[in-house]
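Engineer: Starting off with a structure, shown below.
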Amino acid sequence: MTLHSSLSKQLPSDLDVQRLPKHVAVIMDGNGRWAKQRGLPRILGHRRGVDTLKSLLRCCKDWGVQALTAYAFSTENWGRPHDEVEFLMTLFERVLRRELKEMVDEGVQIHFVGDLEALPLTLQTEIQRAMAATQENQTIKFIVATNYGGRREIIQACRDIATQVLHQNITLDDIDESLFERHLYTAGILDPDLLIRTSGEMRVSNFLLWQMAYAELYVTETLWPDFDQHEFHQALRNFQTRTRRFGKVS
Ligand code: FPP
Numbered sequence: 318m319t320l321h322s323s324l325s326k327q328l329p330s331d332l333d334v335q336r337l338p339k340h341v342a343v344i345m346d347g348n349g350r351w352a353k354q355r356g357l358p359r360i361l362g363h364r365r366g367v368d369t370l371k372s373l374l375r376c377c378k379d380w381g382v383q384a385l386t387a388y389a390f391s392t393e394n395w396g397r398p399h400d401e402v403e404f405l406m407t408l409f410e411r412v413l414r415r416e417l418k419e420m421v422d423e424g425v426q427i428h429f430v431g432d433l434e435a436l437p438l439t440l441q442t443e444i445q446r447a448m449a450a451t452q453e454n455q456t457i458k459f460i461v462a463t464n465y466g467g468r469r470e471i472i473q474a475c476r477d478i479a480t481q482v483l484h485q486n487i488t489l490d491d492i493d494e495s496l497f498e499r500h501l502y503t504a505g506i507l508d509p510d511l512l513i514r515t516s517g518e519m520r521v522s523n524f525l526l527w528q529m530a531y532a533e534l535y536v537t538e539t540l541w542p543d544f545d546q547h548e549f550h551q552a553l554r555n556f557q558t559r560t561r562r563f564g565k566v567s
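To convert a position in the sequence shown, counted from 1, into my numbering, add 317.
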């Protein structure tokens, strides 16, 4: 699916621009099932999933969402069949190469978060190229979690901070939430306001464990390749019905 001309570039009139989530995160689940339902190989589900993600990114940009984070590959996904892992790594690389010019032109600032050093070197090169080419862009942040694990991220932050203490660059009293956040992969990026998970699973699956503290969760039965603009509209409508108290009383 590509962006059809019938899709709206305008924020739908039933949504309140003042109460849009600034940052939306997505767990793109259901690619394999989508393909299986059609008698296709799983990898075609992933390929279709890329089109869905591209449409969503464009929609977020058009409607004024400031950041979109997508969970592309978890630290646990290495346990998938070798061919599928290899396909995904090649897919990420190809998509980055193919889409970079458009992202530059459209003002997308791309970030990758995760343990990137374990990725194939050719993919690391494309990642560095894409981040460097888009770092001045301001229209929307697009964060791709690749070889990402929330627990690993937290452990890594603890190690960094412990090293700073050992080297006497900081003291124990300096450690607070704001310092901790600066040691996460997502340093400098606002926490997500809304987490969307497709295909009906009610789990966070080791995704942005620290950052999700006050995110609103929205789970839809729709499989990721079918998550279109209409579905996103529903998710935003639902988000706007929530009262966000952040632990306080309203
Ligand atoms: C989950 O569906 C999907 C993934 C693990 C891969 C998602 C990756 C993409 C859509 C590509 C994104 C590309 C870029 C460049 C960011 P699943 O395979 O777990 O589906 P299932 O639960 O039905 O088996």
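Quick reminder that beta carbons are idealized off the backbone N, C-alpha and C, glycines included. All of these numbers come straight from a predicted model, not from anything done at the bench.
Is the region 380 to 395 close to the region 459 to 466, with three or more CB pairs under 8 Å?
Structural biologist: Touching, per the Cβ criterion.
Engineer: Return the CA-CA distance between His-340 and Thr-456, expressed in angstroms with no decimal places.
Structural biologist: Within the sequence shown, residue 340 is the residue found at index 23, counting from 1. Within the sequence shown, residue 456 is the residue found at index 139, counting from 1. Going from the Cα of His-340 to the Cα of Thr-456 covers about 13 Å.
Engineer: With DSSP as the reference, identify every bridge partner of Ala-342, one or two as the case may be.
Structural biologist: Counting from one through the sequence shown, the residue named residue 342 turns up at place 25. Ala-342 pairs with Thr-386, Leu-512.
Engineer: Could you tell me if Met-318 is buried or exposed, where buried requires 16 or more neighbouring beta carbons within 10 angstroms of its beta carbon?
Structural biologist: In the sequence shown, counting from the first residue as 1, residue 318 sits at position 1. For Met-318, the predicted structure reports a pLDDT of 38, less than 50, and the residue's modelled location is therefore unreliable. A value from the coordinates is still provided. So Met-318 counts as exposed.
Engineer: Hey, is Arg-350 close to the ligand FPP, as in C-beta under 7 Å from one of its heavy atoms?
Structural biologist: Sequence index remark: in the sequence shown, residue 350 carries index 33 (1-based). Checking every heavy atom of the ligand FPP against the Cβ of Arg-350, one is found closer than 7 Å.
Engineer: When the Cα atoms are used, what is the spatial distance from His-321 to Thr-480?
Structural biologist: Counting from 1 along the sequence shown, the entry for residue 321 is found at position 4. Counting from 1 along the sequence shown, the entry for residue 480 is found at position 163. Low local confidence applies: a pLDDT of 47 at His-321 is under 50, so the model's placement there is unreliable, and no value is given.
Engineer: Regarding Ala-447 and the ligand FPP, is the C-beta to nearest heavy atom distance less than 7 Å?
Structural biologist: Within the sequence shown, numbered from 1, the residue matching residue 447 stands at position 130. Not under cutoff, so the answer is no.
Engineer: Tell me the DSSP secondary structure of Arg-336 in three-state form.
Structural biologist: Taking the first residue of the sequence shown as 1, we reach residue 336 at position 19. Here Arg-336 sits in helix by DSSP.
Engineer: For the pair the region 336 to 354 and the region 514 to 522, tell me if three or more CB-CB distances fall below 8 Å.
Structural biologist: The region 336 to 354 is in contact with the region 514 to 522.
Engineer: Report the start-end ranges of each beta strand (DSSP E) in the region 369 to 421 that is 3 residues or longer and not cut off at the edges.
Structural biologist: The qualifying runs are 384 to 391.
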